[in-house]
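Everything in the sequence shown is counted per the working numbering, starting at 33 for the first residue and increasing by one. Think of the CB as a built atom: it goes at the ideal place given N, C-alpha and C, for glycine as much as any other residue. Report on the structure given below.
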Amino acid sequence: MTIDRTVNDNGAIFDKVKLTTDEISTLDHCHEILRKRFEERGEPYTDDHRERCEWWLEGLLRFDGIEKMVEAAQNAPFPKKKKVIYVGYASVAKS
């Protein structure tokens, strides 16, 4: 992974991240692991999930490395789904 940092005239900082082919293939492998875990839970792995996981996995890759990224994809806990009951104009969330 290489990161090219640029600063524009207004002082805004931009990081361009370039991944190697090994990192890209490992990232795809992690998405496949997550897709299988979602299927085991009975949920689809949507494009929204993929995009959120992409940012999460790239952050892990950037700061912790490939091994931690794969470990997190295999072992990360999923949040519990909340059941929402609509009562009049309010809603009550139950765990």
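Shown here for Arg82: not one same chain residue has a beta carbon closer than 6 angstroms to its own, the five before and five after excluded. Using a 10 angstroms sphere on the CB of Thr78, the tally of other CB atoms stays under 16, which defines it as exposed.
In this structure, DSSP gives Asp41 a state outside helix and strand, which the three-state scheme calls coil. Nearest to Asp36 by C-alpha distance, out of Gly43, Asn42, Val49, is Val49. If you check the CB distance, Met33 and Glu55 come in under 8 angstroms. By the neighbour-count definition (other C-beta atoms within 10 Å, threshold 16), Thr58 is a buried residue.
If you look at Phe70, you'll find it in the alpha helix (DSSP H) that goes 53 to 73.
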